[in-house]
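Numbering-wise (the numbering used here), the sequence shown opens with residue 67 and increments by one.
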Amino acid sequence: MALTVQTQISGDVFILACNGRIVSVDDCAVLRERVGNILRESLKIVVNLQEVDYIDSEGMGMLVGLLVSARNRAGDLKLASPRQRVTDLLRRTSLDTIFRVYANNDEAVAAFGEQVA
67 MALTVQTQIS
77 GDVFILACNG
87 RIVSVDDCAV
97 LRERVGNILR
107 ESLKIVVNLQ
117 EVDYIDSEGM
127 GMLVGLLVSA
137 RNRAGDLKLA
147 SPRQRVTDLL
157 RRTSLDTIFR
167 VYANNDEAVA
177 AFGEQVA
């Protein structure tokens, strides 16, 4: 299933709800382009992974690249609602120590308000 991305806005935070698999060049390009465009407007991004059932190494690398891009601009990218399979992958690759992962969008959005500038 090809990746689709829906965008919502909560205050000054952009929430990207992903649906499908993040496994191919095309899937990565869709998400990379969307985040790149958003970073021109906002430095606060949540990627909701609730409907993503699989991410391969290319997809994980792309997410790390997006995180670096956001942080290089003094922003942040948080992950929300990952399925168990994705959570396990984050843990196995130790990326759960790099990404801030939240149970849902509300917790991820609220965490932006807790950050000290």
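We put the CB at the ideal spot given by N, CA and C, even for glycine.
If you reduce the DSSP assignment to three classes, tell me which class residue i lands in.
i, result
"E180", "helix"
Would you kindly work out how many angstroms separate the C-alpha atoms of residue i and residue j, rounded to a whole number?
i, j, result
"A136", "I75", "17 Å"
"L97", "V71", "7 Å"
"R50", "G86", "This structure cannot speak to residue 50, because the chain is shown only from 67 to 183."
"Y168", "D162", "11 Å"
"L69", "A174", "22 Å"
"R149", "L82", "16 Å"
"R106", "R151", "32 Å"
"S123", "E117", "18 Å"
With DSSP as the reference, identify every bridge partner of residue i, one or two as the case may be.
i, result
"F80", "I75, I111"
"L156", "Its beta-bridge partners do not exist; DSSP assigns none."
"G86", "V118"
"T70", "N85"
"V167", "L145"
Quick check on this structure: which residue in the options has the alpha carbon closest to the alpha carbon of residue i?
i, options, result
"A140", "L109, G127, T163", "L109"
"S160", "M126, D142, E99", "M126"
"L129", "D119, K144, N138", "K144"
"V101", "E117, V79, V118", "V79"
"D154", "I81, G131, Y120", "Y120"
"D93", "G77, I104, M67, A176", "M67"
"F165", "V91, I104, L132, G77", "L132"
May I ask which residues mark the beginning and end of the alpha helix (DSSP H) holding residue i?
i, result
"A95", "91-104"
"L143", "Unbroken run through L143 is the beta strand (DSSP E), 142-146; no alpha helix (DSSP H)."
"R149", "Where R149 is concerned, there is no enclosing alpha helix (DSSP H), given that its DSSP letter is neither H nor E."
"N138", "123-138"
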